[in-house]
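First comes the structure, then the notes that go with it.
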Amino acid sequence: MAQALVQSVAVERIHPSKTNPRHEVKDAGFDDLVSSVREHGILQPILVRPNAKGFEIVAGHRRFAAATAAGLDEIPAMVREMDDQVALEIQVIENLQRSDLTVLEEAKGYELLMTKHGYSAERIAERIGKSVKYVYDRVKLGNLTATVKTLLAEGRLTAGHAILLARLSAKDQERVVDPIIGGCFEGEQTLWDPVESPTAGRHRNRMLEHGKWDGVKVVTVRELEGWIAEHVRHTPAAVDPFLFPEVQAAIEQATQKQERLIHITHDHFIPPVARDPKTRTWGPRSWKRADGAEKSKTCEYSITGFVAVGPDAGQAFKVCVQREKCKVHWATEQKEKAARAKSPGAKSKGSAQDRWKLEDEKRKKEQAIENAARARYAKAKPRILDELAAAVKRASAAPGKLLGSVLTEHICQAAGYGAKGSAAAAKRVPLGKTAEDLVRHLTMIALLNESDSDWDGSRKRFTARAKAFGVDVAKLIDEEAPAVQTSAAPAKKGRKKK
Numbered sequence: 329m330a331q332a333l334v335q336s337v338a339v340e341r342i343h344p345s346k347t348n349p350r351h352e353v354k355d356a357g358f359d360d361l362v363s364s365v366r367e368h369g370i371l372q373p374i375l376v377r378p379n380a381k382g383f384e385i386v387a388g389h390r391r392f393a394a395a396t397a398a399g400l401d402e403i404p405a406m407v408r409e410m411d412d413q414v415a416l417e418i419q420v421i422e423n424l425q426r427s428d429l430t431v432l433e434e435a436k437g438y439e440l441l442m443t444k445h446g447y448s449a450e451r452i453a454e455r456i457g458k459s460v461k462y463v464y465d466r467v468k469l470g471n472l473t474a475t476v477k478t479l480l481a482e483g484r485l486t487a488g489h490a491i492l493l494a495r496l497s498a499k500d501q502e503r504v505v506d507p508i509i510g511g512c513f514e515g516e517q518t519l520w521d522p523v524e525s526p527t528a529g530r531h532r533n534r535m536l537e538h539g540k541w542d543g544v545k546v547v548t549v550r551e552l553e554g555w556i557a558e559h560v561r562h563t564p565a566a567v568d569p570f571l572f573p574e575v576q577a578a579i580e581q582a583t584q585k586q587e588r589l590i591h592i593t594h595d596h597f598i599p600p601v602a603r604d605p606k607t608r609t610w611g612p613r614s615w616k617r618a619d620g621a622e623k624s625k626t627c628e629y630s631i632t633g634f635v636a637v638g639p640d641a642g643q644a645f646k647v648c649v650q651r652e653k654c655k656v657h658w659a660t661e662q663k664e665k666a667a668r669a670k671s672p673g674a675k676s677k678g679s680a681q682d683r684w685k686l687e688d689e690k691r692k693k694e695q696a697i698e699n700a701a702r703a704r705y706a707k708a709k710p711r712i713l714d715e716l717a718a719a720v721k722r723a724s725a726a727p728g729k730l731l732g733s734v735l736t737e738h739i740c741q742a743a744g745y746g747a748k749g750s751a752a753a754a755k756r757v758p759l760g761k762t763a764e765d766l767v768r769h770l771t772m773i774a775l776l777n778e779s780d781s782d783w784d785g786s787r788k789r790f791t792a793r794a795k796a797f798g799v800d801v802a803k804l805i806d807e808e809a810p811a812v813q814t815s816a817a818p819a820k821k822g823r824k825k826k
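Counting from 329, one number per residue, gives the positions in the sequence shown under the working numbering.
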C-alpha cells in the first residue's frame, strides 16, 4: 500500500464515500464538534483517496461534516492510493473500532465486505476481534423488516431483541412488534409491556392516535425469546444451518434415510397462533425421547422429532411414538392397558383412549356449532348494521336520550377504531354538517365497534344496545342465515311430571 501523504485539501474537492457504513454523522455531540472545529480547526487529518472527482473520504466523514458546517475552506487530509476492497475494509473495521456505528450500519458494512469483496465471516471476525457468531448475527439483521429496523434505529429495541427477530419470517416479525395486535393490552406477555395499567382504555386510544409504541416499554431479551418459543411456530425448513448445525444435520439425516419426521412439543396446550392445521403436533403424552440423551433409552422404532412450539423449540432428536409396539418406552402404558382390559366393567366403561376419542369428537362438534353460529352472524351482520343505521338516523340527539348515552359510554373505545372505523360508519351514517349529524356519526362508530364481538347474538352489550334502537339481532340472524339442523347436540330429555 502506498504511503499516506498529509496535505491541506480544499473542502470543495472532497466528497463522501457511497460505501461508508456510517449514515448518520450528526449525533448528540455533533454541535460541540462543530464549535471545536470552528475554534481550533481539524486536529486529526481525515483519510482520503484520490479519484476522478477529487478526493473520496475513506475515514473521517463526521469530521468532514463538522468542517463543512463550521465553514472551513481547507482541512488536513492523509491522501493514500487504495483499491475499493482496502477502502471498504478500513471504513468498516477501523470506523467500528473508533466510532459509534449503529448495529445496522455495522451489519451493512459486514454485508458489503462479504458480498462485494468475498470476505468470509471468519476473516471479518479475526480482523475485528469478535466471534464468527457475532459477525453472522449482525449480518442477519439485514433480514429485519422496515418496521423493526426503524424501532431499532430509534432505540426502542436493543441489538439482542433484533437478533431474535431477524430469525423470524417478515410476517411473524410484524406480528411480534405490533403492541396492539400482539396482545399486551389483553394481558398477554409479548415484546412490549404497557407503561400504564393494561386496563387503561384511554392509554390504548392515545397509542392509536399518536403512535403504537409511545406508551409501551420493551421486555427483556430473555422474555422475548420465551414468547417466541411459545407463540411462533418453528419449522424444519426454517432452521438456520449456521446457528443450529446439529439440528440441520439431524433433519438432513432423516431426509436421506426417508425417515418419518414429526412435529412435537413439551406443552399440553399450543396457542392458536402457533398451530398448523395441516400438520399434527404430537403432545408430551404421545412421544418419548429415544436418542439416549437426558437418561432416555434408544429403540428400534425411533424417528426424528422436531420441537415446533414451546421449550426447546427448534431442536430435533430421536423419539418413539409406537405406544402399542415398543416395550422399551411404553411397557408401563401397555401393562396398564392390559390391566384395564381385564378389570370388571372394562367393556362398559371403555379404555382411556376410547374416552379420549369421545371427548375429542364432542369438542369437534361443539366447535362446528360455534363456527356455524359465527358464519350465520357474519351473513346477517350487514342487515343488522343497516337497520341500526336507520334507527340511529331516526333517533333524537337531545341530551339524555339514547344517542347521547351511547356516545358518552363508548366514545373512548370507539376512538380506538381509528380512521377505518370512521370510514365504515360514514357509509351508513354520513358525518353531515350539523351537531346532530356528528352525534349520529360517532354513535355509529361506537355501534360498529360493539358489533364485532357479537357473532351469535348473545353478547349482552351489543344485543341490548340494538334492541334499544328497535333492532332484534337474534331475529335478523335467523332471517338472513337460518340455522342448519344438526344432530351434534341432541336435546336433553326431561322427566315427565307425575
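For each residue, glycine too, the CB sits at the ideal point set by N, CA and C.
**Prompt:** Between which two residues does the beta strand (DSSP E) carrying residue 639 extend?
**Reply:** The residue you call residue 639 lines up with position 311 of the sequence shown. Counting along the chain, residue 639 falls outside any beta strand (DSSP E), and DSSP gives it neither H nor E.
**Within the region 539-592, ranges of the beta strand (DSSP E) (whole runs, at least 3 residues)** = 544-546
**Message:** Using the Cβ count rule (16 or more neighbours within 10 Å means buried), how would you classify residue 568?
**Reply:** For the purposes of this step, residue 568 is identified with residue 240 of the sequence shown, where counting begins at 1. Exposed, because fewer than 16 other Cβ atoms sit within 10 Å of the Cβ of residue 568.
**Message:** Does residue 488 come out as helix, strand or coil in the three-state DSSP assignment?
**Reply:** The sequence position of residue 488 within the sequence shown is 160, counting from 1. In this structure, residue 488 counts as helix in the three-state DSSP scheme.
**Request:** My understanding is that residue 354 touches residue 393, with C-beta atoms under 8 Å, so please give their C-beta distance in whole angstroms.
**Result:** Locating residue 354 in the sequence shown gives position 26, where the first residue counts as 1. Locating residue 393 in the sequence shown gives position 65, where the first residue counts as 1. Indeed, because the Cβ distance is near 7 Å, the residues count as touching under 8 Å.
**Prompt:** Whose CA, out of 497, 555, 500, 486, lies closest to the CA of residue 519?
**Reply:** Within the sequence shown, residue 519 is the residue found at index 191, counting from 1. For residue 519, the nearest C-alpha among the options comes from 555.
**Request:** Indicate the three-state DSSP secondary structure (helix, strand or coil) for residue 527 in the structure shown.
**Result:** On the sequence shown, position 199 is the one that residue 527 refers to. Reliability of the predicted coordinates at residue 527 is poor, the pLDDT of 44 falling under 50, and no value is obtained from them.
**Prompt:** Do you know how far the Cα of residue 611 is from the Cα of residue 682?
**Reply:** Indexing the sequence shown from 1 puts residue 682 at position 354. Indexing the sequence shown from 1 puts residue 611 at position 283. Cα atoms of residue 682 and residue 611: separation of roughly 18 Å, rounded to the nearest angstrom.
**Message:** To the nearest angstrom, how far is the alpha carbon of residue 348 from that of residue 384?
**Reply:** Counting from one through the sequence shown, the residue named residue 348 turns up at place 20. Counting from one through the sequence shown, the residue named residue 384 turns up at place 56. Separation of residue 348 and residue 384 (C-alpha to C-alpha, rounded to the nearest whole angstrom) is 10 Å.
**Prompt:** If you count every other CB in all the chains shown that lies within 10 Å of the CB of residue 657, and 16 or more means buried, which is it?
**Reply:** Here residue 657 is taken as the residue at index 329 of the sequence shown, counted from 1. Answer is buried; the Cβ neighbour count reaches 16.
**Asked** Cα separation between residue 637 and residue 452?
**Response** Here residue 637 refers to the residue found at position 309 when the sequence shown is read from its first residue. Here residue 452 refers to the residue found at position 124 when the sequence shown is read from its first residue. Their backbone Cα atoms lie some 34 Å apart in a straight line.
**Message:** Assuming the contact rule is C-beta atoms closer than 8 Å, residue 549 and residue 632 should be a hit. Round their C-beta distance to whole Å, please.
**Reply:** Position 221 of the sequence shown, counted from the start, is the residue given in the question as residue 549. Position 304 of the sequence shown, counted from the start, is the residue given in the question as residue 632. Not really, about 30 Å apart at Cβ, beyond 8 Å.
**Request:** Kindly list the residues whose CB is nearer than 7 Å to the CB of residue 552, restricted to its own chain and excluding five residues on each side of it in sequence; keep chain order.
**Result:** On the sequence shown, position 224 is the one that residue 552 refers to. For residue 552, where only same-chain residues beyond five positions count, the Cβ hits under 7 Å are 489, 492, 519.
**Message:** Need the endpoints of the alpha helix (DSSP H) that residue 651 sits in, please.
**Reply:** Taking the first residue of the sequence shown as 1, we reach residue 651 at position 323. Note, residue 651: premise wrong, no alpha helix (DSSP H); not H, not E.
**Prompt:** Considering only C-alpha positions, which residue in the set 768, 398, 573 is nearest to residue 370?
**Reply:** Translated into the one-based positions of the sequence shown, residue 370 becomes position 42. When only C-alpha atoms are compared, the closest one is 398.
**Item:** First through last residue of the alpha helix (DSSP H) which encompasses residue 377
**Value:** Stepping through the sequence shown from its first residue, residue 377 is reached at position 49. Counting along the chain, residue 377 falls outside any alpha helix (DSSP H), though it belongs to the beta strand (DSSP E) covering 374-379.
**Prompt:** On the three-state DSSP scale, how would you describe residue 826?
**Reply:** Residue mapping note: residue 826 aligns to position 498 of the sequence shown, counting from 1. Caution applies to residue 826, whose pLDDT of 43 falls short of 50 and renders its modelled position unreliable; the value that the coordinates give is listed next. Three-state result, residue 826: coil.
**Message:** Suppose contacts are defined by Cβ-Cβ distances below 8 Å. Is residue 630 in contact with residue 653 by that definition?
**Reply:** The residue you call residue 630 lines up with position 302 of the sequence shown. The residue you call residue 653 lines up with position 325 of the sequence shown. In this structure, residue 653 does not lie closer than 8 Å to residue 630 by Cβ.
**Prompt:** Should the region 472-484 be called in touch with the region 444-463, which here means at least 3 C-beta pairs below 8 Å?
**Reply:** no
**Message:** Threshold first: 4 residues or longer. Then list the alpha helix (DSSP H) segments lying entirely within the region 381-411, N to C.
**Reply:** 389-398
**Item:** Between the CA atoms of residue 699 and residue 692 - distance to the nearest angstrom
**Value:** Position 364 of the sequence shown, counting from 1, holds the residue named residue 692. Position 371 of the sequence shown, counting from 1, holds the residue named residue 699. Going by the C-alpha atoms only, they are around 10 Å apart.
**Backbone secondary structure at residue 336 - three-state DSSP** = Start at 1 with the first residue of the sequence shown, and residue 336 comes out as number 8. Residue 336 sits in a strand when the DSSP states are folded into three classes.
**Prompt:** Among all the DSSP beta bridges, which residues are the ones paired with residue 617?
**Reply:** The count along the sequence shown starts at 1 and reaches residue 617 at position 289. Residue 617 is bridged to 647.
**Asked** Do the region 583-591 and the region 660-669 meet, that is, are 3 or more Cβ pairs less than 8 Å apart?
**Response** With a cut-off of 8 Å on Cβ pairs, the region 583-591 is not in contact with the region 660-669, counting fewer than three such pairs.
**Close-in-space but distant-in-sequence residues of the same chain around residue 363 (CB under 6 Å, 5 per side omitted)** = In the sequence shown, the residue the question calls residue 363 occupies position 35. Taken in chain order, the list of residues that qualify is empty.
**Prompt:** By how many angstroms is the C-alpha of residue 564 removed from the C-alpha of residue 339?
**Reply:** Here residue 339 corresponds to residue number 11 of the sequence shown, with the count starting at 1. Here residue 564 corresponds to residue number 236 of the sequence shown, with the count starting at 1. As the crow flies, the alpha-carbon of residue 339 is around 55 Å from that of residue 564.
**Message:** Could you give the first and the last residue of the continuous alpha helix (DSSP H) run that contains residue 806?
**Reply:** Here the question's residue 806 lines up with position 478 in the sequence shown. From DSSP, the alpha helix (DSSP H) with residue 806 extends over 801-808.
**Identified DSSP bridge partners for residue 343** = Translated into positions along the sequence shown, residue 343 becomes position 15. DSSP lists 384 as partners of residue 343.
**Message:** With distance defined between alpha-carbon atoms, name the residue in 696, 559, 697 nearest to residue 602.
**Reply:** Counting from 1 along the sequence shown, the entry for residue 602 is found at position 274. For the residues 696, 559, 697, the minimum Cα distance to residue 602 belongs to 559.
**Item:** Rounded straight-line distance, which links the Cα of residue 695 to that of residue 713
**Value:** What you label residue 713 is simply residue 385 of the sequence shown in a count that begins at 1. What you label residue 695 is simply residue 367 of the sequence shown in a count that begins at 1. Spanning the two alpha carbons is a distance of roughly 26 Å.
**Request:** Closer than 6 Å by C-beta to residue 405: which residues in its own chain qualify, once you throw out the five before and the five after it? Chain order, please.
**Result:** Along the sequence shown, one-based indexing puts residue 405 at 77. For residue 405, where only same-chain residues beyond five positions count, the Cβ hits under 6 Å are 337, 373, 374, 376.
**Prompt:** Residues in its own chain within less than 7 Å of residue 796 by CB, not counting five upstream and five downstream?
**Reply:** To locate residue 796, count along the sequence shown from 1; it is residue 468. Closer than 7 Å at the Cβ level, and outside the excluded window around residue 796, lie 730.
**Prompt:** Expressed to the nearest angstrom, what Euclidean distance is found between the alpha-carbon atoms of residue 705 and residue 497?
**Reply:** Against the sequence shown, residue 705 aligns to sequence position 377. Against the sequence shown, residue 497 aligns to sequence position 169. In this model, residue 705 and residue 497 are separated by some 34 Å (Cα to Cα).
**Request:** Compute the distance between the beta-carbons of residue 608 and residue 596, then report whether it is under 8 Å.
**Result:** Locating residue 608 in the sequence shown gives position 280, where the first residue counts as 1. Locating residue 596 in the sequence shown gives position 268, where the first residue counts as 1. No; because the gap between Cβ atoms is not below 8 Å, this pair is not in contact.
**Asked** What do you reckon, are the CB atoms on residue 386 and residue 418 nearer than 8 Å?
**Response** Locating residue 386 in the sequence shown gives position 58, counting from the first residue. Locating residue 418 in the sequence shown gives position 90, counting from the first residue. Yes.
**Request:** Have a look at 344, 541, 379, 800 and flag the residue whose alpha-carbon is nearest the alpha-carbon of residue 388.
**Result:** Along the sequence shown, one-based indexing puts residue 388 at 60. It is 344.
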